[in-house]
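First comes the structure, then the notes that go with it.
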Amino acid sequence: MACLNTLKLEIKTLEQVFPKNHERFQILSATVDELCCRFIGRNGKQYVIHANITETYPSTPPVWFAESEDTSISNAVQILTNTNGLDNHVVNQESEGEEDLPLEMDDGRSTAKKDEMEVEHLATLERLRQTQRQDYLKGSVSGSVQATDRLMKELRDIYRSDSFKNNMYSIELVNDSIYEWNIRLMSVDPDSPLHNDLILLKEREGKDSILLNIMFKETYPFEPPFVRVVHPIISGGYVLVGGAICMELLTKQGWSSAYTVEAVIMQIAATLVKGKARIQFGPTKGQYSLARAQQSFKSLVQIHEKNGWFTPPKEDG
Numbered sequence: 001m002a003c004l005n006t007l008k009l010e011i012k013t014l015e016q017v018f019p020k021n022h023e024r025f026q027i028l029s030a031t032v033d034e035l036c037c038r039f040i041g042r043n044g045k046q047y048v049i050h051a052n053i054t055e056t057y058p059s060t061p062p063v064w065f066a067e068s069e070d071t072s073i074s075n076a077v078q079i080l081t082n083t084n085g086l087d088n089h090v091v092n093q094e095s096e097g098e099e100d101l102p103l104e105m106d107d108g109r110s111t112a113k114k115d116e117m118e119v120e121h122l123a124t125l126e127r128l129r130q131t132q133r134q135d136y137l138k139g140s141v142s143g144s145v146q147a148t149d150r151l152m153k154e155l156r157d158i159y160r161s162d163s164f165k166n167n168m169y170s171i172e173l174v175n176d177s178i179y180e181w182n183i184r185l186m187s188v189d190p191d192s193p194l195h196n197d198l199i200l201l202k203e204r205e206g207k208d209s210i211l212l213n214i215m216f217k218e219t220y221p222f223e224p225p226f227v228r229v230v231h232p233i234i235s236g237g238y239v240l241v242g243g244a245i246c247m248e249l250l251t252k253q254g255w256s257s258a259y260t261v262e263a264v265i266m267q268i269a270a271t272l273v274k275g276k277a278r279i280q281f282g283p284t285k286g287q288y289s290l291a292r293a294q295q296s297f298k299s300l301v302q303i304h305e306k307n308g309w310f311t312p313p314k315e316d317g
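Okay, so the sequence shown: first residue is 1 according to UniProt numbering, each after it adds one.
Structure follows, in structure tokens:
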């Protein structure tokens, strides 16, 4: 009876985590005897697989089979059928499958894509995935499935991006949370005064970057993240009191769910330069804080909702 109750809880969790409208992995139907799932490849092709749950579950894993003759699908299903221990549980298997199967379906490029990431970044992604899996089992999920999936994808894409690998910026997850990132912006237009200020900052303080903090809500990507400058103190560059940034892109009015985190970072770098940002050295009157940044950004939004946003001439970029 305990095993049956556990299975029912796992099935309920799976249906919540992977609903029928999930972009990559969907639970079509689920009973204590059988699961029917659908994978959607990046090319839009759909693959239906089934799992028969035997009387000896979870001592033995479910028996998986696919309707597709695709070799990569067959191989992945075979892996799921030959697990042991905790990996026999369907909630663990499907979390694993959702991560690995779509990559297998991309023209055999899975291994090449993984090789494009450093070992430490692969480890970070795996650690996050394991934490999410445990949270699902405990029923203590934070955020939303949609936001978490999108942010995990964004992080994977960033780890593979040329801008990240070329040290234009770096990323650190605050307290290992996928919902809060610290970004160190290390590269701006080399012809800008801000670039020279960063060189001077390194000489004086041993720091060579602008530290940004990005906070995501459970409504992401349908609402913008909140972005602020943490260090150093900057004048100009559309940086407000407290460190908030004056950009229409970062408001609900100007945001689009199609924007990627990397695109936002690059746009902020360009906006700082365009706004003639300068680092303030020596004693400064104001200090940056989350509360002050949120308050100044709220005031900014209210002003622009009333008066609109200024669109610069095309020759100004």
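Glycine included, every Cβ here is placed at the ideal spot set by N, Cα and C. Just so it is clear, the structure is predicted and the values come from calculations on it, not from any experiment.
Query	Result
Could you tell me how far apart the beta carbons of GLN26 and CYS37 are, in whole angstroms, since I believe they sit closer than 8 Å?	7 Å
Where do the ends of the alpha helix (DSSP H) carrying ARG129 lie?	119–138
If you draw a straight line from the alpha carbon of HIS22 to that of SER29, how long is it in whole angstroms?	14 Å
As a quick exercise: from VAL301, LYS252, ILE234, pick the residue whose alpha carbon is nearest that of PRO221.	LYS252
What first and last residue would you give for the beta strand (DSSP E) that runs through HIS231?	226–231
Can you confirm whether the segment 233–251 touches the segment 160–179 when touching is taken to mean that 3 or more C-beta pairs between the two stretches lie within less than 8 Å?	no
How far does the beta strand (DSSP E) with HIS50 in it reach, from first residue to last?	46–52
Compute the beta-carbon to beta-carbon distance between LEU155 and TYR169, rounded to the nearest angstrom, for a pair I have assumed lies under 8 Å.	Actually they are not in contact, since the Cβ atoms of LEU155 and TYR169 sit about 13 Å apart, beyond 8 Å.
If you check the beta carbons only, do TRP255 and GLU223 fall under 8 Å apart?	yes
Just to confirm, are PRO62 and ALA51 a CB contact at a threshold of 8 Å?	yes
Spatial neighbours of SER235 within its chain, please: CB distance less than 6 Å, with the 5 preceding and 5 following residues excluded, ordered by chain position.	ARG278, GLN280
With a 10 Å radius around its C-beta and 16 neighbouring C-beta atoms as the bar for buried, classify THR4 as buried or exposed.	Thr is not the amino acid found at residue 4; the sequence shown has Leu there. By the 10 Å Cβ count, LEU4 comes out exposed.
Between the alpha carbons of ILE303 and SER74, how many angstroms are there, rounded?	57 Å
Who are the near neighbours of SER289 in its chain, counting only those whose CB is closer than 7 Å to its CB and skipping five residues on each side?	GLY242
Do ILE178 and MET215 count as a contact pair if the criterion is CB distance below 8 Å?	no
List, from N- to C-terminal side, the alpha helix (DSSP H) runs of 4 residues or more that fit wholly inside the segment 136–174.	145–160, 162–165
Can you give me the start and stop residues for the alpha helix (DSSP H) that GLN267 sits inside?	261–274
Could you name the residues that DSSP lists as bridge partners for ASN182?	GLU172, ASN213
So, with DSSP's three-state summary, where would you put LEU35?	strand
Checking contacts by CB at 8 Å: is LEU272 closer than that to chain C?	Absent from the structure is chain C; it holds one protein chain and no more.
Is it true that the CB of ILE268 sits closer than 8 Å to the CB of VAL230?	no
Near LYS276, what residues of its chain come up, given a Cβ to Cβ distance below 6 Å and the 5 sequence neighbours on each side ignored?	GLY236
What does the Cβ neighbour count give for ASN167, buried or exposed, with the cut at 16 atoms within 10 Å?	exposed
Please classify ALA76: is it buried, with 16 or more other beta-carbons within 10 angstroms of its beta-carbon, or exposed?	buried
Report yes if the C-beta distance between CYS181 and LEU173 is below 8 Å; otherwise report no.	The amino acid at residue 181 is misidentified as Cys; the sequence shows Trp. Yes, the pair counts as a contact, with Cβ atoms nearer than the cut-off.
Determine the DSSP secondary structure at ALA258, reduced to helix, strand or coil.	coil
Can you look up PHE297 in the DSSP assignment and give me helix, strand or coil?	helix
Report the rounded CA-to-CA distance for ILE171 versus ILE183, giving the unit in angstroms.	5 Å
Can TYR136 and VAL17 be called in contact, C-beta distance under 8 Å?	yes
Among the candidates VAL32, GLU305, GLU116, whose CA atom is the shortest distance from the CA of ILE53?	VAL32
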